Amino acid sequence: MNKIFSKLIIQKIESYFKQELSKEELGVWAKKEYYKIIIGEYIFIEKLLVYSFLKKIATVHIEEDDVNDEYPASISEMKAISSILKGETDTVIFGEVRVDLKFSKKQMDKEKLHKIRELKSTIESSMTNEDELQLYLNQLETYFLVEQTALPVTVIDLLEIFMNNLLIKLGIQALASGADPYFSLYPKKEKRTKDSEIEKLLKVISCILGEESFEVCMIYKKGIGSISVLV
């Protein structure tokens, strides 16, 4: 995680505790940054990692309203946020996200987006013809695996990596000439099937296309935030 923005949040909270910043100033600043995230910056990993913190800080200056269930952030909540971002406290936060298709269009070139749509359509129409489907998956595996050099910056990057890893797994299964390329020691009774991998692939493609939402797991350890998608 790029810690520049998290450091800024820490500075703002500390300025508030030192009375260098008023409740109003802190709350208005946090609310402005929070709205930037919900209207589009949420696709960036750095911003998504601090979303829940900014949402809470943005309430620090509001009046308590029992009728509308609105309450200002407390001193203890502000200290807890600062403690997490400073690395004094570790925590895990789960959330649900849906990427608007317009952001995928901005992040990905037209040819790739077309290939992803084509992949989804072909899988759905070829579910009953395994040989035809496997041939198509093998061809696309080569196409999609050319890149992956830079670290992920957006959740769309994470979804692409997830999709590519599934294509690799499905490709490995094809190269095994009918044998299962996996082994397991003391497995649970549930059996992993190729169909489940195909279902995951369809799911992640739908997420990239903005048709479905997906869960994210955000881990904060020693002040460093990391995020993974759960599809």
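If you're matching positions, the sequence shown starts at 1 in full-length UniProt numbering and goes up one per residue.
Note that the Cβ used here is the ideal one computed from N, Cα and C, for glycine as well.
Just so we're clear, the structure is a prediction, and the values are computed from it rather than from any experiment.
Let me make sure I understand the geometry here. Which of Lys12, Lys106, Leu151 and Tyr34 has the alpha-carbon closest to that of Leu209? Lys106
Going by the CB atoms, is the gap between Tyr51 and residue 234 shorter than 9 angstroms? The requested residue 234 is not part of the displayed model; the chain covers only 1 to 231.
Buried or exposed: where does Ser6 fall if 16 or more other Cβ atoms within 10 Å of its Cβ makes it buried? buried
Note down, in chain order, each residue of its chain lying with its Cβ closer than 7 angstroms to the Cβ of residue 234, except the 5 sequence neighbours on either side. No statement about residue 234 is possible, as the shown extent of the chain runs from 1 to 231 and does not include it.
7 angstroms CB neighbourhood of Ser198 in its chain, flanking five on each side removed: Before going further, note that residue 198 is Ile rather than Ser in the sequence given. Closer than 7 angstroms at the Cβ level, and outside the excluded window around Ile198, lie Ile123.
How would you write the range of the alpha helix (DSSP H) that Lys18 sits in, first residue to last? Unbroken run through Lys18: none, as it is neither H nor E.
DSSP has Asp65 in a bridge; who is on the other side? Glu70
Taking Lys222 as the reference, which of Leu159, Ile93, Leu133 and Ser83 has the closest Cα? Ser83
Pick out whichever of Glu211, Lys169, Ser206 and Leu151 has its Cα sitting closest to the Cα of Ser226. Leu151
Which same chain residues, not among the five before or five after Asp69, have their C-beta less than 7 angstroms away from its C-beta? none
Which residues in the same chain have their Cβ closer than 7 angstroms to the Cβ of Ala58, if we skip the five residues on either side of it in sequence? Gly27, Ala30, Lys31 and Tyr34
With a threshold of 16 other CB atoms inside 10 Å of the CB of Ser104, please say whether the residue is buried or exposed. buried
My output table needs one value for Glu215: the three-state DSSP class, helix, strand or coil. strand
Can you find the residues in the same chain that come closer than 7 angstroms, C-beta to C-beta, to Leu101, ignoring five residues on each side of it along the sequence? Leu209 and Gly210
Given this structure, state the Cα-to-Cα distance separating Phe17 from Glu25, to the nearest angstrom. 12 angstroms
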